[in-house]
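If you read the protein sequences in the order shown, they are chains A and B. Residue 212 is where the first sequence starts when you use this note's numbering, and the numbers rise one by one after that. Residue 212 is where the second sequence starts when you use this note's numbering, and the numbers rise one by one after that. Glycine residues also receive a C-beta, built at the ideal position from the N, C-alpha and C atoms. Below is one structure, written out as structure tokens, with a few remarks after it.
There are 2 protein chains.
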Amino acid sequence: MSFEIAVGSNIRKSPYFEATVADGVKSFSVYNHMFAPAHFGDPEAQYRALLERVIMWDVACERQVELAGPDAEQLMRYLTPRDITGMAIGQGKYVPICNYAGDLINDPVVQKLADDCFWLSIADSDLLLWAGAIAAERGLNVRVSEPDASPLGVQGPRANDVVADLFGDWVRELKYFWFRQTELDGIPILLARSGWSKQGGFELYLRDASRGTELYNRVKQAGAPYGIVPGAPSDMERIESGLLSYGADARYGVNPFEVNLGAFMDLDRDDDFVGKAALQRIVAEGIRRRRVGFVIGGERISGTSEWHGVKLGDDVVGTVTEATFSPRLGQNIAVGMLAAGIADDAQQLKTDFGDGPRSAAVRSLPFC
Amino acid sequence: MSFEIAVGSNIRKSPYFEATVADGVKSFSVYNHMFAPAHFGDPEAQYRALLERVIMWDVACERQVELAGPDAEQLMRYLTPRDITGMAIGQGKYVPICNYAGDLINDPVVQKLADDCFWLSIADSDLLLWAGAIAAERGLNVRVSEPDASPLGVQGPRANDVVADLFGDWVRELKYFWFRQTELDGIPILLARSGWSKQGGFELYLRDASRGTELYNRVKQAGAPYGIVPGAPSDMERIESGLLSYGADARYGVNPFEVNLGAFMDLDRDDDFVGKAALQRIVAEGIRRRRVGFVIGGERISGTSEWHGVKLGDDVVGTVTEATFSPRLGQNIAVGMLAAGIADDAQQLKTDFGDGPRSAAVRSLPFC
């Protein structure tokens, strides 16, 4: 199945849109109401570049939500179960966001730009609306808005070299999730060690949307000696790495404990936050399902495009949320959910991607 | 420019997805995190069917937000500037939703299912999050959730005949935006006289997602004698009709008075609602731009895919938010915005879609 994407003014174009088109993008997805490149013709070649060299990707669709003003930290603390006490200016943290029922509604990285200014680099849901409603209803003195900031990812083992050639050797010392505000040929950039892979690298948050093509080409040029290619976050790599894809692996109705985010839940905090009572109840009662990996039997697959049940006999006991062929493992693998009562060594689990039953063997995450 | 759409599990499939694929859908957009058919190969043929006969379209992406519980009406009243006093069970109303700054953030139709139950049929933003945050922060006793409800549109001059053949002649008496809960071959349906065109028709809200293909094929079969074709909302028709497309014509930062929605703003209500003070200030100060139509000069266009400035000399005085060729008028036409100081008979306005300057002559909406 292959379909065109309707390119209309209802979906925003990234500041890098024209550059990715010039670079041969073949497929887009839509994320936060913005076109997001999906691949440039050969997803496996891009996966190899990510693992072995360096790749650049347009992730401007990771829109920023800025909390600015005297009560910005108070709002930020209220929005996430994670305790952000002691965060330094220039530091980032992964901060799951829950609703009042304890369901995950986004899983951004927050960056502290100043004592009274935070940016949330969001997954695919309108956190701008969520945070804005809460700020207003609580009467907080904080402005919730979308700043002009569009991440460009540089990921892979040679990302350090590419980005050091562009910005200087100081970038090699930048700690994970820390950032610095800088510039490149006069282009204002927030440079963070971050990115949606486990291969390491940076995100260059372009702070002037009019200069997207310029930044894109500058990075491409700097990356050429290292074999950089254009691409997009890789399903293969993210499933091997067990990264959570909000939207694909969870949307409404999944709580953070079910998807292995318990380490980010500081439920014993003294201060209140959205979902606190519900999350405490979830911990007390125990979760009914958990996030796992699966090795999937049968012929090599290219991927999956929707959720598929995992059965034990006739009972649905789990879900494959996304599956892929893993080049590193030489097997079909998946991320998904499994009912709490089913053990890691469960035998006879089956799934079906539409072409007949396949075995599903439970594995812990990450695969690699 | 033509690109594939990445079909991944991060975007939901409509209950009609398989049926539209079987029916030859060529292009999708994404709306409310769901694949939405854009066209089936010949947008102008679908436009003709909409105007002259009847067309069916998958608009399951108009997701529903249900407000249920003792405080449902209180929440609904607080969410919109429009006064919904006196709404009957079985009635719908167009209810613009603003944020606290008075900006439009969605423009749904609300349907009153019971004294304590409302559905909002939403445009492309996460109103589920917005309404949920407000309900919780205000301590209201109301459950905000997404029900299992997926609209299938039947639009055009023969829509009455098709839907009467399916449900009975009572549908001919159904008033605009009114609805009834009924069923078809045991499939539970909320049937409303509604739809995103000015050609008239119905929306069949399927209330059991597992029966999408069944309903789709039943409507297709009933429509065959009337020449029904599969399609999608038509850019040509909606621009001729001056319909607002939230997302395309406005996203963040546009207030309802700027897009001609003043008739739905009951700012003198005694009770409070989101954005009340800001909207009163906007009225007192006057708007700085207004929604207009444009007749666009030059060669026939197929459409536009982003906003384009409208200039008077070197000054940007407006925006074309979306343009198309109008078969009925035999001209290129557009919807957009114009600075308040520019008169309807302004001469010398120019725009540029990337292939050189074109004249832009102001027209009032609708065109047809």
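Can you tell me which of the three DSSP states residue i falls into?
| i | result |
| --- | --- |
| A:Met548 | strand |
| B:Ala298 | Just to set this straight, residue 298 of chain B is Met in the shown sequence, not Ala. B:Met298 falls in the coil class under three-state DSSP. |
| B:Glu517 | coil |
| A:Ser238 | strand |
| A:Asp566 | coil |
| B:Asn317 | strand |
| A:Val218 | coil |
| B:Ser421 | helix |
| A:Gly343 | helix |
| B:Ala260 | helix |
| A:Trp330 | strand |
Could you tell me if residue i is buried or exposed, where buried requires 16 or more neighbouring beta carbons within 10 angstroms of its beta carbon?
| i | result |
| --- | --- |
| B:Arg539 | exposed |
| B:Ile221 | Before going further, note that residue 221 of chain B is Asn rather than Ile in the sequence given. Under this definition B:Asn221 is a buried residue. |
| B:Met618 | Not covered by the structure: residue 618 of chain B. The range shown for chain B is 212 to 579. |
| A:Gly541 | exposed |
| B:Ser180 | With chain B covering 212 to 579 only, the question about residue 180 of chain B has no answer from this structure. |
| A:Thr296 | exposed |
| A:Glu284 | buried |
| A:Asp294 | buried |
| A:Arg499 | exposed |
| A:Ser421 | exposed |
Chain A beta carbons: is any one of them nearer than 8 Å to that of residue i?
| i | result |
| --- | --- |
| B:Ile553 | no |
| B:Asn466 | no |
| B:Trp518 | yes |
| B:Asp525 | no |
| B:Phe578 | no |
| B:Asp318 | no |
| B:Asp337 | yes |
| B:Ser240 | yes |
| B:Ser537 | no |
| B:Val430 | no |
| B:Arg569 | no |
| B:Glu229 | no |
| B:Tyr463 | yes |
| B:Thr562 | no |
Could you check whether residue j and residue i sit closer than 8 Å to each other, using their CB atoms as the reference points?
| i | j | result |
| --- | --- | --- |
| B:Gly473 | B:Gly412 | no |
| A:Phe214 | B:Phe505 | no |
| B:Leu560 | B:Val527 | no |
| B:Ala403 | B:Gly486 | no |
| B:Ala342 | B:Gly458 | no |
| B:Ala217 | A:Ala249 | yes |
| A:Gly313 | A:Ile493 | yes |
| B:Arg383 | B:Ile400 | no |
| A:Gln366 | A:Leu261 | yes |
| A:Leu377 | A:Val430 | yes |
| A:Leu340 | A:Val470 | no |
| B:Tyr437 | B:Val265 | yes |
| A:Ala545 | A:Gly514 | no |
| B:Tyr227 | B:Asp253 | no |
| B:Ser452 | B:Lys409 | yes |
| B:Pro358 | B:Ser332 | no |
Any C-beta of chain B sitting closer than 8 Å to the C-beta of residue i?
| i | result |
| --- | --- |
| A:Met212 | yes |
| A:Val218 | yes |
| A:Glu416 | Just to set this straight, residue 416 of chain A is Tyr in the shown sequence, not Glu. Not one chain B Cβ lies under 8 Å of A:Tyr416. |
| A:Asp479 | no |
| A:Leu340 | yes |
| A:Asn310 | yes |
| A:Ala347 | yes |
| A:Thr515 | yes |
| A:Glu215 | yes |
| A:Glu448 | no |
Any heavy atom of the ligand NAP closer than 7 Å to the Cβ of residue i?
| i | result |
| --- | --- |
| A:Asn471 | Looking at this structure, you won't find the ligand NAP or any other ligand, since it has none at all. |
Per DSSP, residue i forms a beta bridge with which residues?
| i | result |
| --- | --- |
| A:Met287 | Bridge partners of A:Met287: none, in fact. |
| A:Asn466 | Paired residues: none, contrary to the question. |
| A:His244 | DSSP lists no partner for A:His244. |
| A:Asp526 | A:Leu523 |
| A:Asn543 | A:Ile507, A:Phe536 |
| B:Pro441 | B:Met267 |
| B:Gln392 | B:Leu401 |
| B:Val531 | B:His519, B:Gly547 |
| B:Leu363 | B:Asp269, B:Leu415 |
| A:Lys323 | A:Phe329 |
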